[in-house]
Each structure stands twice: as structure tokens, then as C-alpha cells.
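Visitor: Please find one structure pasted underneath; my questions will follow.
Residue numbers (the numbering used here): 9 to 155.
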């Protein structure tokens, strides 16, 4: 005689409502986004004095390290094939990350003049150069340094 196995009743699995996953995902996004907002809002906005000090440092760094090739006011130097950094050429087309890389490591003809610059010196010289750009160019440029 063969023994039959007892029939087990399947437990009913609790079904999730269809709306549950999107609600949980949305709540997580709001929670994470709110935390980022708190972190960003806790950083003080630069004052006019901070901006003035940044521009002064940027001017010093620029005049000592950049002006010989790029010109006193960023107008460039044709004989040295150094492009203008003011609003007349394409410097504003480059994102901050690329500009930082050029300052630190150099370019095709540009030496790595900023290899030993502090982060503050790099940001200051970029802020100084950006003051030569038009508001439209600064808005179009990908970056937040000097804003």
C-alpha cells in the first residue's frame, strides 16, 4: 500500500498594494533630497568681503603666474599661442573641472603652472578670470566657482 503525502494548504501570501513601492521610493527621494538641502543650506553664503578677498587673491595669482602668457587682462598672446581668457574667445566654453585640470596639469602648450596651488588659489584665480566674462557667458558656463 502506498502512502499518500498529506496535502498541505498553501499559506496565502500577503499581497502588496500596487501603490506601495512608488510611495516608498518617493519618500526615500524626499528624505535624501531634504538631507542634501539641509547640508547645502547650512553653509554660509559668501559675503562681499569674502568675494573681495577672493578676487584680490585671484588677481595676485593671475598676475604672478598667468599674465605673462595670457595678458594683463586676459586678452591672450598671439606670438605665444596663448588664448584669451576674457570674453572674446572660448575660455567660458570649458567647465570648471576642465579649467582646474588645465591649471594643475597644463595643456598642449601650457605648462602646469598651478601644480602646487592650494585649492583656494585655484578657485580664486578662476573667479578672477570669470569677472571678465559677460553675465550670459557665466550663466552658460558649466561650473559654480565664483558664483
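Where a beta carbon is used, it is the ideal one built from N, C-alpha and C, also for glycine.
#1: Taking the CB atoms as reference points, tell me whether residue 65 and residue 82 lie closer together than 8 angstroms.
#2: Hey, quick one: how far does the alpha helix (DSSP H) through residue 77 stretch, first residue to last?
#3: Taking residue 111 as the reference, give the member of 101, 154, 131 and 57 with the closest Cα.
#4: Using DSSP's beta-bridge definition, name the partner residues of residue 90.
#5: Quick one: give me the first and last residue of the alpha helix (DSSP H) that residue 132 is part of.
#6: For residue 78, is the classification buried or exposed, using 16 other Cβ atoms within 10 angstroms of its Cβ as the cut-off for buried?
#7: Out of 146, 137, 144 and 128, which one is the CA nearest neighbour of residue 58?
#8: Short check: CB of residue 120 to CB of residue 126, under 8 angstroms?
#9: Can you tell me the Cα-Cα spacing of residue 103 and residue 89, whole angstroms?
Guide: This is what the structure holds:
#1: no
#2: In this chain, the alpha helix (DSSP H) harbouring residue 77 covers 75-78.
#3: 131
#4: 85
#5: 127-138
#6: The residue in question, residue 78, is buried, as its Cβ has 16 or more Cβ neighbours within 10 Å.
#7: 128
#8: Cβ atoms of residue 120 and residue 126: not closer than 8 angstroms.
#9: 21 angstroms
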